[in-house]
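Trainee: Attaching a single structure in structure tokens format; questions to follow.
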Amino acid sequence: MSFKGKHIWITGASTGIGRALAKKLDADGALVSVSARSEDKLNSLVSEGQNIRAFPVDVTDVSMMNAAIDMIADRAPIDFVVLGAGAWTIMDSDQMDMAPIRTGMEVNYFGTLNAVDKLIPMMKTRGVGHIAIIASVAGYRGLPRSIAYSPTKAALINLAEILKVELEPHNIGVSIVNPGFVDTPLTQDNPFPMPGLMSADEAAEALYKGLAKRKFEISFPFGFTLVMKMLRVAPNWLYLFVMRRIRASI
Ligand SMILES: NC(=O)c1ccc[n+]([C@@H]2O[C@H](COP(=O)([O-])OP(=O)(O)OC[C@H]3O[C@@H](n4cnc5c(N)ncnc54)[C@H](OP(=O)(O)O)[C@@H]3O)[C@@H](O)[C@H]2O)c1
Numbered sequence: 001m002s003f004k005g006k007h008i009w010i011t012g013a014s015t016g017i018g019r020a021l022a023k024k025l026d027a028d029g030a031l032v033s034v035s036a037r038s039e040d041k042l043n044s045l046v047s048e049g050q051n052i053r054a055f056p057v058d059v060t061d062v063s064m065m066n067a068a069i070d071m072i073a074d075r076a077p078i079d080f081v082v083l084g085a086g087a088w089t090i091m092d093s094d095q096m097d098m099a100p101i102r103t104g105m106e107v108n109y110f111g112t113l114n115a116v117d118k119l120i121p122m123m124k125t126r127g128v129g130h131i132a133i134i135a136s137v138a139g140y141r142g143l144p145r146s147i148a149y150s151p152t153k154a155a156l157i158n159l160a161e162i163l164k165v166e167l168e169p170h171n172i173g174v175s176i177v178n179p180g181f182v183d184t185p186l187t188q189d190n191p192f193p194m195p196g197l198m199s200a201d202e203a204a205e206a207l208y209k210g211l212a213k214r215k216f217e218i219s220f221p222f223g224f225t226l227v228m229k230m231l232r233v234a235p236n237w238l239y240l241f242v243m244r245r246i247r248a249s250i
């Protein structure tokens with residue numbers, strides 16, 4: 001399926017995966033609307049594209065989000081949304097800091113819900129639409145040093161499972177996007193090895209292909225996410241054995 005003529009709204013599009021996806025969809029002839037907090041970065045993206053328009057927003061601000069969604073829908077009805085705004089802070093449970101933990105949940109989970117809450121009635125009225133939520137393989141099960149991140153992504157995977165079944169009768173599709181490691185500003189300070197690390201362009205290509213097929217789960221890269229999927233269904237004793245070894249090494 002081509003995205004030509006479709007209107008796609010992407011949050012978290014100022015950098016990384018969202019930005020690369022916006023450029024790819026723009027090259028495909030889509031109408032692309034992009035959001036994040038950094039207006040300057042969004043404007044530079046707009047200047048590089050043909051049909052990209054910027055709608056700066058903080059996804060945690062409900063009234064700002066509602067106003068932005070109204071403006072985006074005024075441009076053209078929203079066919080696809082890719083909700084990728086995300087925050088990651090490395091943290092150990094013996095050095096807990098509630099502020100970044102709350103920010104992680106506010107941006108990753110409630111920031112996504114702030115969009116979904118407003119979009120569902122709009123899409124239901126039209127009887128068409130597709131919602132893609134970027135979670136992570138870190139949401140499959142608890143990962144060491146991810147107390148401010150892993151639970152937020154688990155919540156998103158759970159949310160997508162609910163939405164998929166409940167929105168199907170309204171002809172609204174749902175995708176959950178579970179990347180492995182991608183080389184973006186989010187991961188640039190990670191002090192540990194990142195197996196299967198891919199570029200933002202490679203991640204955007206995989207996301208684009210999955211979205212075009214309207215797949216429910218879009219995960220990449222294949223090898224690393226396969227290992228994570230196997231660990232997801234592994235018995236607790238095996239999972240905890242592997243996690244203890246990983247925790248000791250990072
Ligand atoms: N990179 C990876 O290895 C990886 C792996 C799995 C999942 N993911 C997920 O993929 C998504 C994209 O991440 P990325 O790797 O492309 O990282 P990134 O380049 O750091 O992108 C994060 C985006 O979120 C935006 N953002 C953060 N807080 C926001 C807020 N309060 N309101 C609006 N926008 C906000 C940032 O823009 P502003 O700062 O301008 O607001 C930026 O555009 C995230 O959900 C991330 O958790 C990434």
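Going by the UniProt record's numbering, the letters in the sequence shown line up with residues 1 to 250, in that order.
Just so it is clear, CB atoms sit at the ideal spot from N, CA and C, and this is done for glycine as well.
These figures come from a predicted structure and were not determined experimentally.
#1: Can you tell me where the beta strand (DSSP E) holding Trp88 begins and where it ends?
#2: For Phe181, count neighbouring Cβ atoms within 10 angstroms of its own Cβ and tell me buried if that reaches 16, exposed if not.
#3: Ordered along the chain, which non-local residues of its own chain (more than five positions away) have a Cβ less than 6 Å from that of Ala76?
#4: Taking the beta carbon of Gly12 as the centre, do at least 16 other beta carbons fall within 10 Å, making it buried, or is it exposed?
#5: Count the other CB atoms within 10 Å of the CB of Val242; is the residue buried (16 or more) or exposed (fewer)?
#6: From Ser136 to Thr125, what distance separates their C-alpha atoms?
#7: Cα-Cα, which of Ala68, Leu25, Val59 and Ala36 is closest to Glu48?
#8: Could you name the residues of the same chain whose beta carbon sits closer than 7 Å to that of Ala85, not counting the 5 residues immediately before and after it, in chain order?
#9: So, under 8 Å CB-CB, Ile133 and Ile176 are touching, yes? Tell me the CB distance rounded to an integer number of Å.
#10: Below 7 Å, is the gap between the Cβ of Arg37 and the nearest heavy atom of ligand 1?
#11: Do Pro179 and ligand 1 come close, with the Cβ less than 7 Å from some heavy atom?
#12: Under three-state DSSP, which class holds Ala160?
#13: Would you please state the rounded distance, in angstroms, between the beta carbons of Ile72 and Trp9? I believe it to be under 8 Å.
#14: In the DSSP output, what is Tyr107 paired with across the bridge?
#15: Locate the alpha helix (DSSP H) running through Asn66, then write down its first and last residues.
#16: Can you give me the Cβ contacts of Met223 inside the same chain, cut-off strictly under 7 Å, excluding the 5 residues immediately before and after it?
#17: Would you call the region 217-235 and the region 160-180 touching, i.e. three or more CB-CB distances under 8 Å?
Mentor: In brief:
#1: Working through the sequence shown from its first residue, we reach residue 88 at position 88. It is not in any beta strand (DSSP E) - Trp88 carries neither H nor E in the DSSP assignment.
#2: Within the sequence shown, the letter at position 181 stands for residue 181. Looking at its Cβ environment, which holds 16 or more other Cβ atoms inside 10 Å, Phe181 is buried.
#3: In the sequence shown, the residue the question calls residue 76 occupies position 76. Excluding five sequence positions before and after Ala76, the CB atoms of its chain that fall closer than 6 Å to its own CB belong to His7 and Leu31, given in chain order.
#4: Translated into positions along the sequence shown, residue 12 becomes position 12. Buried.
#5: Residue numbering aside, residue 242 sits at position 242 when the sequence shown is read from its first letter. Classification of Val242: exposed, given that the 10 Å Cβ count is below 16.
#6: As a first step, residue 136 must be located in the sequence shown, where it is residue number 136. As a first step, residue 125 must be located in the sequence shown, where it is residue number 125. Those two C-alpha atoms are separated by around 30 Å.
#7: If you number the sequence shown from 1, residue 48 lands on position 48. Ranked by Cα distance from Glu48, the first of Ala68, Leu25, Val59 and Ala36 is Leu25.
#8: Here the question's residue 85 lines up with position 85 in the sequence shown. Excluding sequence neighbours, Ala85 sits near Thr11, Gly12, Ala36, Val59, Val107 and Gly111.
#9: Taking the sequence shown and counting its residues from 1, the one referred to as residue 133 is at position 133. Taking the sequence shown and counting its residues from 1, the one referred to as residue 176 is at position 176. So it is a contact: roughly 6 Å between Cβ atoms.
#10: Looking up residue 37 in the sequence shown gives position 37. The answer is yes for Arg37.
#11: Stepping through the sequence shown from its first residue, residue 179 is reached at position 179. Within the cutoff, so yes.
#12: The residue labelled residue 160 in the question sits at position 160 within the sequence shown. Three-state result, Ala160: helix.
#13: Position 72 of the sequence shown, counted from the first residue, corresponds to residue 72. Position 9 of the sequence shown, counted from the first residue, corresponds to residue 9. At roughly 5 Å, the Cβ-Cβ gap stays under 8 Å, so Ile72 and Trp9 are in contact.
#14: By 1-based counting over the sequence shown, the position of residue 107 is 107. In the sequence under discussion, the amino acid at residue 107 is Val, which differs from the Tyr named in the question. In DSSP, Val107 forms no bridge with anything.
#15: On the sequence shown, position 66 is the one that residue 66 refers to. Segment Val62 to Arg75, the alpha helix (DSSP H) holding Asn66.
#16: Along the sequence shown, one-based indexing puts residue 223 at 223. It is worth fixing the name first, because residue 223 is Gly in this sequence and not Met. The residues Gly196, in chain order, have a CB closer than 7 Å to that of Gly223 in the same chain once the five nearest residues on each side in sequence are set aside.
#17: yes
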